[in-house]
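*Asks:* Shown below is the structure under consideration.
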Amino acid sequence: MGITVEEMKMKLKKFAALLLAAVMTLSMAACTKEEGQSNDGGSKGSEEKDQLVLGTSADFAPYEFHKMVNGKDTILGFDVALAKKIAEEMDKELVIKDMDFNSLLNELNNGTVDFVAAGLSPDEERKKQVDFSDPYYFGEQCCIIRKEDAEKYTSLESFKDQQIAAQTGSIQEGIAKEQFPGSVLVSLPKLPDEIMSLSSGKVEGVIVEVAVAKGFIAQNPDLMIADFKVPYDATGSCIAVKKGNTELLDHINSVIADVTSSGEMDEMVNQANLDSEY
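What follows is the structure, encoded as structure tokens:
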């Protein structure tokens, strides 16, 4: 015996109700899953550490530089080692952002990074933009020249009317203007660009810190440190934080005090010098 029209209507209503219930259940499950995940697909959880973001310019060995470690491009250097120590003491995960030196303080003030470690010296112009930590390292300045020009460039004055390179936004720009009378400043964004310009004869000298110069000379045997002193009132290398961020600055200064008094900072510098040898 066949089913009546009324029975057919009842069956369809029951089926529709079951289908609606199933759809609602699936929708609720999907919503629950989405709320429990982070944007990168990983689950949110209290076990994840907060991040501490370092801004640096990794072309300044032994402070910070790129090197292949176990087949992976890695940023090393004693600035990085110090930053890791700071993050460790604060129980945070260190994240490193590599960028042009000249953009570092702007990115700090924009909130892209939490602090900057890049061999920074706290000159008066920079102090207007950011707050600085206590110094953690002091270095001398020098001028790199081609070995073939050793007898040509024997003093600051011998660079009169000659082009001399310095990194854009660095204290070396000021040193070129103040200490090399009559020279022509060429500002370049990256140190390797300066070294290449020197080797190719586009500039006659490069102003840089002694520790950094030694690393480049080891890779470029046609270059040398000029045999004269470059005057500079060393204020030391410091870490920069956004103005008013006293909590982070206090943490940083505490770590700097510990590593400088214990000799650990010297160990970081020595290790960075070894790591930067290719």
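If you read the sequence shown in the working numbering, its first letter stands for residue 426, the second for the next number, and so on. Cβ atoms here follow ideal geometry from the backbone N, Cα and C, with glycine treated the same way. No experiment lies behind these values; they were computed from the predicted model shown.
So what's Leu581 in DSSP terms, helix, strand or just coil?
*Replies:* In this structure, Leu581 counts as coil in the three-state DSSP scheme.
*Asks:* Could you say if the region 630–637 and the region 524–535 meet the contact criterion of at least three C-beta pairs nearer than 8 Å?
*Replies:* No, the region 630–637 is not in contact with the region 524–535.
*Asks:* Between Asp559 and the rest of its own chain, which residues show a CB-CB distance below 6 Å, the 5 nearest in sequence each way excluded?
*Replies:* Closer than 6 Å at the Cβ level, and outside the excluded window around Asp559, lie Asn678, Ile681.
*Asks:* Measuring only the C-alpha atoms, how far is Gly640 from Glu702?
*Replies:* When rounded, the distance between both Cα atoms is 7 Å.
*Asks:* In angstroms with no decimal places, state the Cα-to-Cα distance between Thr685 and Glu598.
*Replies:* If you take the alpha carbons of Thr685 and Glu598, they lie about 29 Å apart.
*Asks:* Determine the direct distance from the alpha carbon of Val694 to that of Asp700, and round the result to whole angstroms.
*Replies:* Rounded to the nearest angstrom, the two C-alpha atoms are 10 Å apart.
*Asks:* What do you get for Gln462, buried or exposed, if any count of 16 or more other CB atoms within 10 angstroms of its CB means buried?
*Replies:* Here Gln462 scores only 27 on pLDDT, less than 50, and its place in the model should not be relied on; the value that follows carries that caveat. With fewer than 16 other Cβ atoms within 10 Å, it is exposed.
*Asks:* Check the Cβ-Cβ distances between Glu532 and every residue of chain D, and say whether any is below 9 Å.
*Replies:* Considering every chain present, this structure includes no chain D. It has just one protein chain.
*Asks:* Considering only the alpha carbon of each residue, which of Leu479, Asn698, Phe605 lies closest to Met524?
*Replies:* Nearest option by C-alpha distance: Leu479.
*Asks:* According to DSSP, is Lys694 helix, strand or coil?
*Replies:* Note on identity: in this sequence residue 694 is Val, with Lys being the wrong assignment. Residue state, collapsed to three classes: helix.
*Asks:* How would you call Val448, buried or exposed, if buried means at least 16 neighbouring beta carbons within 10 angstroms?
*Replies:* Since pLDDT at Val448 reaches only 44, below the 50 mark, its modelled position is unreliable, and the value read off the structure follows with that caveat. Under this definition Val448 is an exposed residue.
*Asks:* In this structure, how does DSSP classify Thr499 when only helix, strand and coil are distinguished?
*Replies:* In the structure shown, Thr499 sits in a strand (DSSP, three-state: E or B).
*Asks:* The alpha helix (DSSP H) that contains Thr685, what's its start and end?
*Replies:* That run of the alpha helix (DSSP H) goes 671–687.
*Asks:* Would you mind giving the Cβ-Cβ distance between Cys567 and Ala486, rounded to the nearest angstrom? I have them listed as a contact below 8 Å.
*Replies:* Actually they are not in contact, since the Cβ atoms of Cys567 and Ala486 sit about 15 Å apart, beyond 8 Å.
*Asks:* Beta carbon of Ile511, beta carbon of Thr481: below 9 Å?
*Replies:* It is not a contact, given that the beta carbons lie outside the stated cut-off.
*Asks:* Please classify Ala508: does DSSP put it in a helix, a strand, or coil?
*Replies:* Residue state, collapsed to three classes: helix.
*Asks:* Return yes when the Cβ of Ala542 is within less than 9 Å of the Cβ of Glu489, no when it is not.
*Replies:* Yes, the pair counts as a contact, with Cβ atoms nearer than the cut-off.
*Asks:* Nearest-angstrom Cα distance between Ser612 and Gln592?
*Replies:* About 6 Å.
*Asks:* Extract the residue ranges of the alpha helix (DSSP H) inside the region 545–633, only unbroken runs of 4 or more that lie entirely within it.
*Replies:* Taking only runs of at least 4 residues, the alpha helix (DSSP H) segments lying wholly in the region 545–633 are 549–552, 596–604, 616–624.
*Asks:* Taking 9 Å as the threshold (C-beta atoms), are Ser608 and Asp586 in contact?
*Replies:* Yes; because the gap between Cβ atoms is below 9 Å, this pair is in contact.
*Asks:* Does Lys667 pass the burial test, meaning 16 or more other C-beta atoms within 10 Å, or should it be called exposed?
*Replies:* With 16 or more Cβ atoms within 10 Å of its Cβ, Lys667 is classed as buried.
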